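2 protein chains.
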Amino acid sequence: MAGKTAGMTSADAPESRSPAPAAPPAAGSDPGGPRRVSRLVDIAEAVGVHVSTVSRVLNGDPAQSIRPEIYERILSTAQQQGYRPNALARALKRRRTGAFAFVVPLLRNPIWARLQRGALQRARERGYVVMIMEEPTEDPKPPGDYYYLVEESRADGLLLATSLRVPEHSGGGTGPPHVYVNRRGPDRGHDVIMDEPGAIRMFLDYAGGLGHRSFALLDGPAEVDTVYRRVGAARRACAARGFSLAVRHAAPTEDGGWDATTRMLRRGPRPTICGVGSLNQLFGAMAALREAGVEVPGEMSLVSFDDDECLGYLEVPVTSVSMPLSQLGAAAVDALIARIEGAPAGDVMVREPMSLQPRGSVAPPASARAAR
Amino acid sequence: MAGKTAGMTSADAPESRSPAPAAPPAAGSDPGGPRRVSRLVDIAEAVGVHVSTVSRVLNGDPAQSIRPEIYERILSTAQQQGYRPNALARALKRRRTGAFAFVVPLLRNPIWARLQRGALQRARERGYVVMIMEEPTEDPKPPGDYYYLVEESRADGLLLATSLRVPEHSGGGTGPPHVYVNRRGPDRGHDVIMDEPGAIRMFLDYAGGLGHRSFALLDGPAEVDTVYRRVGAARRACAARGFSLAVRHAAPTEDGGWDATTRMLRRGPRPTICGVGSLNQLFGAMAALREAGVEVPGEMSLVSFDDDECLGYLEVPVTSVSMPLSQLGAAAVDALIARIEGAPAGDVMVREPMSLQPRGSVAPPASARAAR
DNA sequence: CTGTTAGCGCTTTCAT
DNA sequence: ATGAAAGCGCTAACAG
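Listed in order, the protein sequences are those of chains A and B. Position 226, counted from 1, in the first sequence is what my numbering calls 226; the numbers after and before it change by one each time, with no gaps. Add 372 to the 1-based position in the second sequence for my numbering, that's all there is to it.
See the structure below:
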């Protein structure tokens, strides 16, 4: 393989950790084969009891008391031998792995990291581990394509953040325990989502209060459920308030944002404020406005529906709606565990905490300023 | 839990997927218990052969040929029953799980996503799955804290991107199969890293060619190995070329970048060009320069050592050094598999493809422009 | 209180 | 060419 070199020369790594002279004796690969880990039977043998006794003690079986002396000996022997329960054997017997798989789309958007964090943390609290599986390509596979993870006993349940609103994603039947995270799946009662309509209302109320009446919403593809809900909510809310709304769907990338914004500026009456669905699109949108000589927020206000620390450091700091992402991740884990424990299906909506972060990218529209 | 609501009202989700009327009969939770997955013995029974025969056929055992008729029957029955091998039982028997754990730090930096992607893909090609484990806190735990994943048979090996250059991370002994990714670990012969000195040289050559002689390097904490290597290489290379160099370490965040830049502007002779170690710091640095009224690139040129699509869309597009991140991830997987297969230990350096992406944030220094 | 027994689902000699 | 048997390491009745 080109570009890879085994064995660096000292010129490559001259800032070595220690003054180590030529080849130290203890260097090189593992000594004498893989040191086998201690098993239950090893402890049993050492202590002179049966393995089931050891199992009971180590699992804190509350049934009856064990002779304290034995109890102590088992515990200390286990400790001393560095005993680790074999998760495979245990899972095989118990018929549960204690693991979830979290399937996330192949996107640069930082919201996934925050979502993951919330899920990881809650799972740990509840005694599960989460293995994150990233989609191998940009275009998500249907939910059923991940059922194998449970069917092969690699996980007890699925956290799916990849479902799309397309026909190919709808088959599949009931499937193993799963919830959809930040998306609504094809089957009912498994959705854990945030209050997108609420976010839209927060945006409209804030901007409306400043005098804006002509809105744009630049967002991802309509097949993405969050986008679909934001757009639907915006359409209804704008209609109800008598605001005009232009919706533009584009790829969730810098380039997509640039393109859509450029096209928007060429057409029809220019809105006074634009909501942007993703951080990457936002960068593109700002570049397009700059290039077109449209001042932000003077001629066009901007609001991001992704919150990120970097927004506060941009030339024009960008106002955003901050969503409860880690709470969503945690709620998804809770919902999945409930499903596994046999609770009836039911959708979950995480509403709080949600807030609008005013920064510098929103100003009253020119008309409102002139009227003063 | 506040902010969470089970059972959305139709007002919450009025844009329902289908015109579905009131409660369809097939809705709700799983019907009649978890449909048990087909096992080897189910197939054996159906076909009328022994399970070992089925196992051999399904594993494509090359030993002898099986009677074609049986062979076909087994295959089709397996297919029809939707047979899935139980990964637990298989792993227990084979003494290998076919899984790796990739431990990544809790950072917003997009490089981890790209690294992951490379590793995920290569692992898949080589028949492994990768479970990503994110550190629960900002401050990484020592490598030994993750050995349990192998000791408990949850994974066959570890990809560690969390080692720091601090005494607490050095203990541990040999440990299970593992490699350090984008970091050098405390134990020799397990490092898979990129050519940071090469990146530094690329930066210095480019800037030096434009006439810069006074450099700054703004980077993360010195305990991070990549930072340590970049700084060391920069010191040596600048000394060799007679360039001046000011190094500033700061938290790898927007705020860290802002702070360090602000302090740099207050002190001593101002460098004409600054390299920045992470994207987040870069945002902070640009904000600080803007606030101080220092023009980029007029009064200060800027180069990022993180490459990201958004750099091309900033007000001043930022020149960057693009590193082979996904190649690094793939190489780490290869190295880990080699280790597991008993290959001797040895460090790996991924050198290509590496390139400098010229955008708008570098110009010749004022002195060079005046001299013309 | 603790030992015996019987597997979880699969692979893998060893016979036949 | 296929079946029998023996476990991987652990848990969970059920006996004693």
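Don't be surprised by glycine CBs; every beta carbon is placed ideally from N, CA and C. This one's a predicted model, so the numbers in the text were calculated from it and none came from an experiment.
Take Ile74/A, set aside five residues on each side of it, and the residues of its chain with a beta-carbon closer than 6 Å to its own are Val47, Val54 and Val57, in chain order.
Rounded to the nearest whole angstrom, the CA to CA distance from Gly157/A to Gly144/A is 13 Å. Phe215/A is positioned such that its CB atom lies closer than 8 Å to that of Ser244/A.
Of the residues assessed, Pro167/A falls on the exposed side of the cut-off, its CB having fewer than 16 other CB atoms within 10 angstroms. Secondary structure of Val688/B (DSSP, three-state): coil.
Tyr500/B is outside the set of residues whose beta carbon lies under 8 Å from a beta carbon in chain A. At least one CB of chain B lies nearer than 8 Å to the CB of Glu315/A.
In the structure shown, Tyr518/B falls within a helical segment according to DSSP collapsed to helix, strand and coil. Rounded to the nearest whole angstrom, the CA to CA distance from Tyr206/A to Pro730/B is 40 Å. In this structure, the beta-carbon distance from Asn458/B to Glu315/A does not fall below 8 Å.
When the alpha-carbon of Gln327/A is set against those of Gly82/A, Ala99/A and Asp195/A, the nearest one is in Asp195/A. Scanning its chain for C-beta atoms nearer than 7 Å, with the 5 sequence neighbours on each side dropped, one finds around Gly670/B the residues Ala735, in chain order.
With a threshold of 8 Å between beta carbons, Ala113/A makes contact with chain B. Counting every other CB atom within 10 Å of its CB across the protein chains shown gives His212/A a total of 16 or more, marking it as buried. In the DSSP assignment, Ser673/B is bridged to Ile645/B. In the three-state reduction of the DSSP assignment, Leu159/A falls in the strand class.
At least one CB of chain A lies nearer than 8 Å to the CB of Ser525/B. In the same chain as Ala368/A, and ignoring 5 residues on each side of it, the C-beta atoms closer than 6 Å to its own belong to Gly211, in chain order. In the DSSP annotation of this structure, the continuous segment of the alpha helix (DSSP H) that includes Tyr206/A starts and ends at Glu196 to Leu210. Excluding the 5 residues flanking it on each side, Arg486/B has same chain C-beta neighbours closer than 7 Å at Leu697 and Ser698, in chain order. Straight through space, the alpha carbons of Ala101/A and Ala292/A are spaced by roughly 45 Å. With respect to Val321/A, Ala199/A sits close: the two C-beta atoms are nearer than 8 Å. Note that the C-beta distance between Ser38/A and Tyr71/A is not below 8 Å. Chain A has a Cβ within less than 8 Å of the Cβ of Val409/B.
Beta-bridge partners of Phe215/A (DSSP): Leu245/A and Ile273/A. Spatial neighbours of Ile337/A in its own chain (CB-CB distance under 7 Å, excluding positions within 5 residues in sequence) are listed in chain order as Arg126. Around Gly171/A, the same chain offers no residue with a beta carbon nearer than 6 Å, after the five sequence neighbours per side are excluded. At a cut-off of 8 Å between beta carbons, Arg662/B contacts chain A. Inter-segment contact for the stretch 645-661 of chain B and the stretch 708-726 of chain B is absent: fewer than three beta-carbon pairs are separated by less than 8 Å. Within the stretch 247-277 of chain A, contact with chain B at the beta-carbon level (separation under 9 Å) is assigned to Thr253, Glu254, Asp255, Gly257 and Trp258. The Cβ neighbour count for His50/A, taken over all protein chains shown within 10 Å, is under 16; the residue is labelled exposed.
The beta carbon of Tyr146/A sits no closer than 8 Å to any beta carbon of chain B. For Arg456/B, at least one C-beta of chain A is nearer than 8 Å to its own C-beta.
A straight line joining the alpha-carbon of Glu352/A with that of Ile111/A spans about 16 Å. The continuous beta strand (DSSP E) containing Tyr180/A extends over residues His178 to Val181. Taken atom to atom, the span from the alpha-carbon of Leu478/B to that of Glu510/B is near 5 Å.
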